[in-house]
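First to last, the protein sequences are chains L and A. Per numbering that gives the first Met the number 0, the first sequence starts with residue 0, numbered consecutively. Per numbering that gives the first Met the number 0, the second sequence starts with residue 0, numbered consecutively. Glycine residues also receive a C-beta, built at the ideal position from the N, C-alpha and C atoms.
Protein chains: 2
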Amino acid sequence: MLESTVAAIRPLDEAAMAAARELQGRLTKPAGSLGALEPLSVRLAGLAGSCPPPLPEPAAVAIFAGDHGVHAQGVTPWPQEVTAQMIGNFLAGGAVVNAFARQAGASVTVVDVGVATPLPVDPAATGAAGPRLVAANVRAGTRDMTGTAALTRDEARAAVETGIRVAGELVAAGAGILLTGDMGIGNTTPAAALVAAFTGADPAEVTGRGTGVDDETYARKVGVVRAALARHAPDPTDPLGVLAAVGGLEHAALAGLILGAAARRVPVLLDGVIAVSAALAAAAFAPDAVGAMIAGHRSAEPGATVALRHLALEPLVDLGLRLGEGTGALLALPVVTGAVRVLHEVATFDSAGVAEK
Amino acid sequence: MLESTVAAIRPLDEAAMAAARELQGRLTKPAGSLGALEPLSVRLAGLAGSCPPPLPEPAAVAIFAGDHGVHAQGVTPWPQEVTAQMIGNFLAGGAVVNAFARQAGASVTVVDVGVATPLPVDPAATGAAGPRLVAANVRAGTRDMTGTAALTRDEARAAVETGIRVAGELVAAGAGILLTGDMGIGNTTPAAALVAAFTGADPAEVTGRGTGVDDETYARKVGVVRAALARHAPDPTDPLGVLAAVGGLEHAALAGLILGAAARRVPVLLDGVIAVSAALAAAAFAPDAVGAMIAGHRSAEPGATVALRHLALEPLVDLGLRLGEGTGALLALPVVTGAVRVLHEVATFDSAGVAEK
């Protein structure tokens with residue numbers, strides 16, 4: 000499924016992009032006055048292969064949750080059980096991602112791709128009136144990457160293919176845009192390792208303070224990322240190998256979600272550093288997948304900025320968020336919708352009887 | 000009316016702000032992880048005097064339109080008639096501000112506070128199912144500020160009081176937040192003059208290319224701003240005098256809208272350079288009015304950044320927009336609503352059964 004998905008990912012449609020550029024020039028506004036929204040609208044026309052492209056509605060947030068063996072190295076002050084507890088919070092509608100999703104009219108799907116502790120919710124009891132839980136646990140958290148590979152190649156593939164499958168299901172159910180979400184105590188450590196592995200950046204440059212660690216924990220975290228990379232020397236041209244060596248199950252699944260969206264030519268709005276580290280893996284599998292990616296926001300984590308630069312993506316929102324869950328992507332969603340809406344609804348100089356300069 | 004409005008503007012409520020800070024610390028997210036949204040939510044609690052503050056709904060965009068005698072100096076390639084033509088476009092629902100307002104569920108009110116050419120629409124025929132036109136023309140455009148004061152003090156006051164009155168009407172009709180909009184061919188020239196007058200910045204530092212002028216027009220525009228300031232030497236501690244000397248009718252009315260919102264303790268979301276130049280005037284009338292101001296976006300106009308720094312406001316969105324109309328404010332609105340929604344809807348660690356670090 001991974002190979003056929005990668006093979007289905009194609010470049011943007013140049014004719015649709017040319018039509019969108021031409022239409023932007025006839026709308027009742029000075030040329031270029033919508034800034035970053037104009038090239039975004041052009042790219043979405045290229046992705047859809049039509050001008051205007053469809054409005055990116057409805058939106059679906061997919062939150063992939065996993066735990067991390069590297070938690071044992073003391074890279075975060077939060078107990079591992081919080082991953083499962085927060086899944087309970089997501090399904091009860093009490094987290095920030097739920098508040099933002101309600102506001103944006105987006106659905107929330109939580110996917111257990113690798114939580115280590117028992118979930119407080121029965122998947123069968125979810126989804127009727129609120130968020131849905133998908134049980135797809137590949138293993139109960141990764142292994143500690145400082146001692147051994149976090150995952151086998153087969154486990155990494157299973158997680159990637161879970162993401163591809165979820166993308167397919169959400170698009171089949173009508174989603175016009177997918178938003179990446181994540182939950183996993185300790186998951187900024189594998190994210191930093193992935194960013195370093197795919198971009199060649201130094202661990203100190205891409206490792207951040209996550210949910211807020213002190214100086215001592217931060218220094219240990221940089222050392223853990225450096226040690227894992229030294230031990231495995233992952234090859235950035237082998238994304239499955241990189242994900243297996245130093246990734247997380249939610250990172251791998253997010254790479255799959257991105258590939259699945261790109262293959263179906265549906266835009267995927269990236270959240271923070273977990274998402275963009277996964278996006279590097281997706282781009283390594285299929286460089287044309289970048290055409291489907293929209294950078295929702297610039298996470299406060301330094302690795303996010305390094306990854307976005309590598310992907311040549313400019314984030315839409317930059318408000319110092321470092322929460323994850325999909326919250327940054329949800330804040331950016333109205334900008335994406337607005338960019339497309341302009342092509343649908345704004346009058347031309349001709350039709351409105353407005354003089355040009 | 001101006002004096003009583005200014006007198007009604009009071010500092011933020013410290014007790015409500017303390018309560019909001021305390022609540023932010025108990026919600027199920029790492030402390031500070033919502034970045035700029037957290038202090039924004041605290042400030043809005045201080046403005047409302049309650050925690051949580053009301054959701055900023057419904058939203059109302061007020062677009063003040065005027066023309067400019069300085070148009071005769073060749074500061075823009077657009078014909079003056081476009082101001083009136085764009086009002087027709089706003090009322091027909093065909094402009095970018097209309098598309099963004101529909102998306103955000105915001106009402107649109109267009110106020111003719113000083114258009115020079117005949118309007119294509121009868122005010123009485125508007126507002127039933129779409130945008131409303133308010134006829135409040137103080138004069139048919141300003142005078143050319145390079146030759147004489149743009150307005151008399153009485154005209155400037157009439158425009159400011161129009162803005163105060165519109166704010167009062169919108170709040171009385173239920174608006175929970177006001178968004179500033181503007182339309183006026185040539186209006187970035189008086190905006191630059193206002194920013195220079197209130198901040199002391201050099202005209203070259205605050206004058207931009209507006210809707211897109213060439214190098215020759217840009218040089219002329221800087222010269223026009225410099226000449227007007229040299230001629231009038233406006234006193235920044237006399238905001239009515241500054242507005243009369245080098246302002247525009249829409250700038251003066253926007254200053255009034257901001258004062259009216261602040262007096263009623265309703266937040267006002269600022270759009271681009273026209274709005275923030277008016278905000279400088281409002282802050283000169285009443286320094287505590289800044290507590291009600293939210294910077295929607297960072298306009299591509301350099302004067303906007305100088306003005307925001309002077310007001311110590313950080314914009315929420317920075318996407319290179321330079322359209323005006325209220326478009327940048329509308330893109331920022333979901334961020335404001337989201338910041339407040341968190342205080343209403345997110346579970347606490349205690350209530351959700353999530354462990355703390």
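### Query
Can you tell me where the alpha helix (DSSP H) with Val194(A) in it begins and where it stops?
Start and end: Thr187 to Thr198.
### Query
Counting Cβ pairs closer than 8 Å, one from the segment 126-134 of chain L and one from the segment 180-190 of chain L, do we hit at least three?
Contact between the segment 126-134 of chain L and the segment 180-190 of chain L is absent: fewer than 3 CB-CB pairs across the two stretches fall below 8 Å.
### Task
For Ser3(A), count neighbouring Cβ atoms within 10 angstroms of its own Cβ and tell me buried if that reaches 16, exposed if not.
Counting of Cβ neighbours within 10 angstroms places Ser3(A) among the exposed residues, the total staying below 16.
#### Entry: Runs of alpha helix (DSSP H) wholly within the segment 69-98 of chain L (minimum 4 residues, chain order)
If we require 4 residues or more, the alpha helix (DSSP H) runs fully inside the segment 69-98 of chain L come out as 80-91.
### Task
Compare the Cα-Cα distances from Asp237(L) to each of Ser350(L), Glu56(L), Thr206(L) and Pro286(L) and report the closest residue.
When the alpha-carbon of Asp237(L) is set against those of Ser350(L), Glu56(L), Thr206(L) and Pro286(L), the nearest one is in Pro286(L).
### Message
So, under 8 Å CB-CB, Gly87(A) and Gly352(L) are touching, yes? Tell me the CB distance rounded to an integer number of Å.
### Response
In this structure Gly87(A) touches Gly352(L) by the C-beta definition: roughly 7 Å separates them, less than 8 Å.
### Closest residue to Gly222(L) among Thr210(L), Val205(L), Pro235(L) and Pro233(L) (Cα-Cα distance)
For Gly222(L), the closest C-alpha among the options Thr210(L), Val205(L), Pro235(L) and Pro233(L) is that of Val205(L).
### Task
Indicate whether Ala105(A) and Pro57(A) have their beta-carbon atoms separated by less than 8 Å.
In contact: Ala105(A) and Pro57(A) (Cβ atoms closer than 8 Å).
### Query
Is the distance from the Cβ of Lys28(L) to the Cβ of Val212(A) below 8 Å?
Not closer than 8 Å, so no.
### Message
Please classify His67(L) as buried or exposed, where buried requires at least 16 other C-beta atoms within 10 Å of its C-beta.
### Response
Per the 10 Å Cβ criterion, buried.
#### Entry: Exposed unless 16 or more other CB atoms sit within 10 angstroms - verdict on Arg297(L)
Arg297(L) comes out buried.
### Query
Of the residues Gln23(L), Leu43(L) and Val81(L), which one's Cα is nearest the Cα of Ala354(A)?
Ranked by Cα distance from Ala354(A), the options Gln23(L), Leu43(L) and Val81(L) are led by Val81(L).
### Query
Three or more C-beta pairs closer than 8 Å, one from the segment 16-24 of chain L and one from the segment 319-328 of chain A: is that the case here?
Cβ pair count under 8 Å is below three, so no.
### Task
Inspect the beta-carbon positions of Val316(L) and Leu307(L) and report whether they are closer than 8 Å.
Going by C-beta atoms, Val316(L) is not nearer than 8 Å to Leu307(L).
### Query
Is any beta-carbon of chain L found at less than 8 Å from that of Phe284(A)?
Taking CB atoms only, Phe284(A) has no neighbour in chain L less than 8 Å away.
### Query
With a Cβ-Cβ cutoff of 8 Å, do Arg152(L) and Leu43(L) count as a contact?
Between Arg152(L) and Leu43(L), the C-beta spacing is not below 8 Å.
### Task
Look up Gly327(L) in the DSSP assignment and say whether it is helix, strand or coil.
For Gly327(L), the three-state secondary structure derived from DSSP is helix.
### Query
In chain L, which residues lie less than 8 Å from Gln84(A) when you measure between Cβ atoms?
Here the neighbours are Ala351, Gly352, Val353 and Ala354.
### Message
Can you tell me whether Gly357(L) is helix, strand or coil according to DSSP?
### Response
The shown model of chain L, from 0 to 356, leaves out residue 357(L), and the question about it has no answer.
### Check whether Thr145(A) and Arg219(A) have beta carbons under 8 Å apart
Not a contact, by the Cβ cut-off of 8 Å.
### Message
Less than 8 Å between CB atoms is the rule here; does Ala30(L) satisfy it with respect to chain A?
### Response
True, the Cβ-Cβ gap to chain A drops below 8 Å.
### Message
Under 8 Å, Cβ to Cβ, is there at least one residue of chain L near Thr336(A)?
### Response
Against chain L, the CB of Thr336(A) has a partner CB under 8 Å away; the residue lies at that interface.
### Message
Could you tell me which whole beta strand (DSSP E) segments of length 3 or greater appear in the segment 241-312 of chain A?
### Response
Within the segment 241-312 of chain A, the complete beta strand (DSSP E) runs of at least 3 residues are 267-269 and 292-294.
### Start and end residues, alpha helix (DSSP H) containing Asp349(A)
Residues Phe348 to Ala351.
### Message
For Asn88(L), would you say it is in contact with chain A, using Cβ-to-Cβ distances shorter than 8 Å as the test?
### Response
Cβ-Cβ to chain A under 8 Å: yes for Asn88(L).
#### Entry: Ala59(A) versus Glu344(A), Glu324(A), Asp349(A) and Phe348(A), residue with shortest Cα-Cα distance
That would be Glu324(A), whose Cα lies nearest to the Cα of Ala59(A).
### Message
Runs of 4 residues minimum, wholly inside the segment 198-233 of chain A: which ones carry the alpha helix (DSSP H) assignment?
### Response
Listed in chain order, they are 202-205 and 214-231.
### Task
Flag Ala91(L) as yes if its beta-carbon sits less than 8 Å from any beta-carbon of chain A, otherwise no.
Contact of Ala91(L) with chain A is assigned, a C-beta pair being separated by under 8 Å.
### Query
Residues of chain A with CB under 9 Å from Leu43(L), in chain order?
Within chain A, no residue has its CB atom less than 9 Å from the CB of Leu43(L), the nearest being about 15 Å off.
#### Entry: Within chain A, the residues that Leu118(L) reaches when beta carbons sit closer than 9 Å
Within 9 Å of the CB of Leu118(L), no CB atom of chain A is found; the nearest one sits about 13 Å away.
### Query
DSSP three-state call for Thr147(L): helix, strand or coil?
For Thr147(L), the three-state secondary structure derived from DSSP is coil.
### Task
Examine chain L for any beta-carbon lying closer than 8 Å to the beta-carbon of Val60(A), and answer yes or no.
False, the Cβ-Cβ gap to chain L never drops below 8 Å.
### Query
Going along the chain, which residues of its own chain have a beta-carbon closer than 6 Å to the beta-carbon of Ala277(L), five neighbours each way excluded?
A distance below 6 Å between beta-carbons, with the five flanking residues on each side excluded, links Ala277(L) to the following residues of its chain, in chain order: His250, Leu253 and Ala254.
### Task
Measure the Cβ-Cβ separation of Val137(A) and Ala157(A) and say whether it is below 8 Å.
Cβ atoms of Val137(A) and Ala157(A): closer than 8 Å.
### Task
Using a cut-off of 8 Å between C-beta atoms, extract the partners of Glu249(L) located in chain A.
Neighbours of Glu249(L) in chain A, taken as residues whose beta carbon is under 8 Å from its own, are absent, since the nearest beta carbon is some 18 Å off.
### Query
Mapping DSSP to helix, strand and coil, what is Thr179(L)?
Three-state DSSP puts Thr179(L) in a strand.
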